[in-house]
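Heads up, the sequence shown is in the numbering used here, so the first residue is 21 and it goes up one at a time.
Below is one structure; the comments refer to it alone.
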Amino acid sequence: MKRSAESNDSSPAPAKPETRFRRLVRRIWWLHSLWALAFGIGVMIFAREGLRYAEQLLLLLAGSWFLVFVALRFIVGRGELDEKEKLHKKGLRLITNYVIKNLYQQMLFFLVPLYASSATWSLTSPNWWIVVVLLVFAVLSTMDLVFDNIVMEHRLLASFMYGVCMFGVLNLILPMVFGWPHFQALTVAAGLTAPAVALLSFRVRAVIRPLGLLVTIGAAAGLMAAAWVGRIAIPPAPTAMSAGAIGHGKPGQYECLPGRKRRIPANQLEDLRCVTEIAAPGGLADRIIHRWTLDGKLVHEDVAQRIPGCDGEVLRTRIPVVPAAPIGSWRCTAYTDEGQLLGVLKAEVAEARQPARPPQDAAPARDGRTTLDAGTGDAPWPDAGRDAGSESTQTFDP
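In structure tokens:
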């Protein structure tokens with residue numbers, strides 16, 4: 021009985037009921053989260069429309085991420101918490117967390133539209149997942165209570181979030197600001213993520229020891245290898261395919277992009293061409309490859325050439341020889357020369373319709389000339405009078 025009494029005495033005391041003041045503070049924080057989310061949406065709109073300022077903003081935000089790293093390294097995490105922590109330290113922690121959240125919000129909401137415009141949106145596309153991850157992190161950074169009590173109190177979770185964000189920033193800065201090719205930027209960004217996360221998660225002395233260096237270098241090499249193998253799964257942001265079409269027939273005198281058309285008759289495949297308009301805010305440092313397929317089988321692959329006289333980067337390839345059996349689903353897939361996916365154009369080649377019976381009779385006109393009651397017999401296709409192309413869609417269907 022005595023032992024039972026002792027165990028009852030050692031049981032934890034019931035939690036104190038939440039005061040009215042605490043409930044009010046909690047509601048205020050949730051209202052602040054709504055404001056932060058609305059502000060983040062505004063940043064997304066600005067990032068999408070104000071690409072001419074993207075280089076300066078990225079440099080500014082990248083510099084601020086160094087401050088985030090220092091704060092995460094020395095202030096956050098359960099190891100730094102103490103129930104007897106002095107008031108000024110608690111205040112410093114609160115201010116630091118607030119600044120970090122705002123930096124996360126600005127950076128993440130800025131990254132989302134740039135990656136979204138470069139991704140290929142389709143259920144079979146492999147490169148849109150990073151947009152979803154960045155968007156989830158962006159929304160999470162606006163939820164003050166969740167961010168403060170869960171993310172910032174777990175060093176590994178905060179490090180993972182920081183690592184993904186740092187990779188996203190470097191993968192944008194290197195090609196946009198410094199003009200690096202996208203694949204080179206991708207591998208370097210992946211390699212730098214490992215030491216950044218290591219220094220954030222562990223003590224510096226543990227990282228620079230032989231075992232720590234070996235693990236860090238191995239992790240960096242593994243991430244670089246993963247970037248090399250899975251490069252098709254990362255969009256080459258901020259470069260994007262803004263428009264495109266598969267055209268046929270003689271081009272117009274000043275044509276840049278052909279007209280769009282869903283179906284092309286099999287007897288109208290002269291000068292079959294694929295044209296893509298590439299938006300590259302930092303300049304186009306990569307060659308663009310057009311890969312032609314018919315029902316999934318490779319027909320032609322070539323480096324796209326710039327069309328002179330067109331604004332921006334308008335690139336074109338032509339099919340030198342049309343297959344003997346061209347009917348089916350045609351696709352022109354645009355890649356960087358290292359294999360990062362930009363988008364896919366589609367066109368269906370269908371059987372040609374039988375022409376109508378030629379006219380038999382001619383009737384004299386009132387002015388003495390002869391006219392033919394030709395009907396529509398000479399029109400092999402309803403809209404064949406204009407140069408047409410396919411509908412431009414950014415989808416991926418291997």
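In this text, a Cβ means the ideal position worked out from N, Cα and C, and glycines have one as well.
Residue i: first and last residue of the uninterrupted alpha helix (DSSP H) it sits in
i: His-174; result: Looking at the DSSP string, His-174 is not in any alpha helix (DSSP H), and its letter there is neither H nor E.
i: Ala-209; result: 202 to 221
i: Ile-254; result: That residue, Ile-254, is in no alpha helix (DSSP H); it is neither H nor E in DSSP.
Status (buried if at least 16 other CB within 10 Å, exposed otherwise) for residue i
i: Tyr-274; result: exposed
i: Phe-129; result: buried
i: Val-341; result: exposed
i: Asp-387; result: With a pLDDT of 47 at Asp-387, under the threshold of 50, the predicted position of this residue should be treated as unreliable, though the coordinate-derived value follows. Per the 10 Å Cβ criterion, exposed.
i: Ser-161; result: buried
i: Arg-225; result: exposed
i: Leu-420; result: Summary: the structure shown does not reach residue 420, with the chain confined to residues 21 through 418, and so no result is reported for it.
i: Gly-242; result: exposed
i: Leu-134; result: buried
i: Val-189; result: buried
i: Gly-250; result: exposed
i: Val-144; result: According to the sequence shown, residue 144 is Thr rather than Val. With fewer than 16 other Cβ atoms within 10 Å, it is exposed.
For residue j and residue i, the rounded distance between their alpha carbons
i: Gly-267; j: Gln-288; result: 10 Å
i: Leu-220; j: Trp-200; result: 27 Å
i: Ala-209; j: Ala-354; result: 23 Å
i: Val-369; j: Gly-316; result: 14 Å
i: Asp-306; j: Val-151; result: 22 Å
i: Ser-138; j: Arg-373; result: 39 Å
i: Val-323; j: Gly-272; result: 22 Å
i: His-202; j: Ile-120; result: 28 Å
i: Leu-318; j: Ala-345; result: 14 Å
i: Leu-114; j: Cys-352; result: 53 Å
i: Ala-299; j: Ser-262; result: 6 Å
i: Asn-169; j: Pro-146; result: 33 Å
i: Pro-230; j: Ala-245; result: 22 Å
i: Trp-141; j: Ile-252; result: 13 Å
i: Asn-122; j: Trp-350; result: 47 Å
i: Met-127; j: Arg-338; result: 41 Å
Continuous beta strand (DSSP E) stretch holding residue i: start and end
i: Ile-228; result: Not the beta strand (DSSP E): Ile-228 falls in the alpha helix (DSSP H), residues 224 to 228.
i: Gly-269; result: Element bounds for Gly-269: n/a, residue is neither H nor E.
i: Ile-339; result: Run containing Ile-339: none; DSSP gives neither H nor E here.
i: Leu-304; result: That residue, Leu-304, is in no beta strand (DSSP E); it is neither H nor E in DSSP.
Check whether residue i and residue j have beta carbons under 8 Å apart
i: Ala-265; j: Leu-365; result: yes
i: Ala-218; j: Thr-236; result: yes
i: Leu-206; j: Ile-254; result: yes
i: Met-196; j: Pro-256; result: no
i: Gly-348; j: Leu-292; result: no
i: Val-334; j: Cys-276; result: yes
i: Gly-269; j: Glu-297; result: no
i: Ile-308; j: Glu-321; result: no
i: Arg-336; j: Gln-325; result: yes
i: Ala-286; j: Glu-371; result: yes
Rounded Cβ spacing between residue i and residue j (contact assumed at less than 8 Å)
i: Ala-178; j: Val-171; result: 6 Å
i: Thr-213; j: Phe-187; result: 5 Å
i: Ala-240; j: Gly-211; result: 5 Å
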